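Undergrad: Got a structure here, written out as structure tokens. Questions coming.
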């Protein structure tokens with residue numbers, strides 16, 4: 001494999017050679033094929049590199065065929081195999097906390113970095129464009145008028161994904177995306193060992209729950225809090241709350257921004273059938289965490305051409321979920337107001 005191809009692809013991904021070699025070691029046994037009497041097998045390094053190039057650039061299999069001198073048919077056969085191997089080998093890189101202590105650690109990082117206490121994650125979803133699927137009717141046709149699958153993700157304060165779901169067709173109402181993911185029943189049934197409500201400080205005696213931070217696409221509950229709707233006067237408690245909420249929730253917007261700059265395949269439309277498109281999208285999530293955790297990034301978020309600043313939510317190029325019009329219960333709105341009162345008192 002010519003070294004310039006390796007260097008160019010890793011430059012697209014902001015991945016260094018050491019981390020590429022480590023990833024190759026992880027997947028090599030799963031993607032290596034034997035030579036036959038008729039032909040020499042494509043090496044594991046070539047298979048991984050071509051797959052990473054596809055994810056990084058979104059180039060067509062035809063383009064990759066000419067670049068790497070590997071048949072389009074072969075590429076179409078091994079890219080899904082390599083994606084599955086990547087997800088399996090990196091499975092520990094994307095996981096929900098399993099203990100109260102782990103949730104408390106995430107909450108502490110949100111408070112330290114983003115000045116929002118009791119936040120255990122920022123949640124959002126985006127429509128990822130795909131080609132028109134065969135025999136699907138309008139199943140994947142979304143409210144913006146194109147075919148898509150939905151990537152729903154929750155991240156921590158360090159731009160690492162702790163949960164991802166790529167299960168919903170674009171047609172599913174955006175309010176239903178969250179309810180259709182595997183995380184929803186776990187939250188509803190209190191099955192995640194999330195700590196119970198605690199006081200925010202010795203001077204603030206009211207106990208408040210640990211919550212996810214979402215936007216208007218998510219209904220507000222006792223475990224998910226969204227900003228106050230409408231415009232509010234400068235200095236008002238609603239305005240102060242919304243500013244704190246926006247700054248902390250920008251983490252998930254930054255995640256999508258970083259991912260779409262690193263993995264141009266997400267900009268789409270992905271020229272694969274939905275099941276394979278889902279596999280490709282999920283692979284980018286695992287690679288995102290791998291690269292960030294390994295510190296392959298030479299640039300930190302907020303610096304260089306990977307940066308997505310808070311407030312630049314459209315920078316990811318992906319379409320947001322539409323807002324849901326569900327009135328929150330008085331109890332949940334009172335909970336949000338208690339957070340707002342606390343922010344205005346400190």
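Residue numbers (my numbering): 1 to 346.
Backbone N, C-alpha and C fix where the C-beta goes; we use that ideal spot for every residue, glycine too.
Nothing here was measured: the structure is a model prediction, and the numbers come from that model.
What's the call for residue 261, buried or exposed, on a 16-neighbour Cβ count within 10 Å?
TA: That one is buried.
Undergrad: Using only alpha-carbon positions, find the residue among 50, 77 and 165 that is nearest to residue 20.
TA: Closest option to residue 20, Cα to Cα, is 50.
Undergrad: Using a threshold of 7 Å, state whether the C-beta atoms of residue 166 and residue 151 are closer than that.
TA: Cβ distance < 7 Å, so residue 166 and residue 151 count as in contact.
Undergrad: Can you give me the C-alpha to C-alpha distance between residue 344 and residue 239, rounded to a whole angstrom?
TA: So the alpha carbons of these two residues sit roughly 10 Å apart.
Undergrad: Can you name, in chain order, every residue of its own chain whose Cβ lies under 6 Å from the Cβ of residue 113, other than the five neighbours on each side?
TA: Excluding residues within five positions, the ones whose Cβ falls inside 6 Å are 157.
Undergrad: Kindly list the residues whose CB is nearer than 6 Å to the CB of residue 68, restricted to its own chain and excluding five residues on each side of it in sequence; keep chain order.
TA: If we look at residue 68 and ignore the five residues flanking it on each side, its Cβ neighbours are 50.
Undergrad: Just list the residues that DSSP pairs residue 198 with in beta bridges.
TA: Note: residue 198 sits in a beta bridge opposite 208.
Undergrad: Is the beta carbon of residue 55 sitting closer than 7 Å to the one on residue 284?
TA: Yes, Cβ-Cβ distance for residue 55 and residue 284 is below 7 Å.
Undergrad: With residue 154 as the anchor, note down where its beta strand (DSSP E) starts and where it stops.
TA: Here the beta strand (DSSP E) through residue 154 covers 148-155.
Undergrad: Is residue 126 buried or exposed, if buried means 16 or more other CB atoms sit within 10 Å of its CB?
TA: The residue is buried, with at least 16 neighbouring Cβ atoms inside 10 Å.
Undergrad: Which whole-angstrom value describes the C-beta separation of residue 288 and residue 319, a residue pair presumed to lie in contact below a C-beta threshold of 8 Å?
TA: Residue 288 to residue 319, Cβ: 19 Å. No contact.
Undergrad: According to DSSP, is residue 127 part of a helix, a strand, or is it coil?
TA: Note: residue 127 maps to strand in three-state DSSP.
Undergrad: Using three-state DSSP, classify residue 301 as helix, strand or coil.
TA: Low confidence applies to residue 301: its pLDDT is 45, below 50, so where it sits in the model is not reliable, and the reading given next is rough at best. Looking at residue 301 - three-state DSSP - the assignment turns out to be coil, as it is neither helix nor strand.
Undergrad: Rounded to whole angstroms, what's the CA-CA distance from residue 272 to residue 133? Just pull it up for me.
TA: Roughly 8 Å separates the two Cα atoms.
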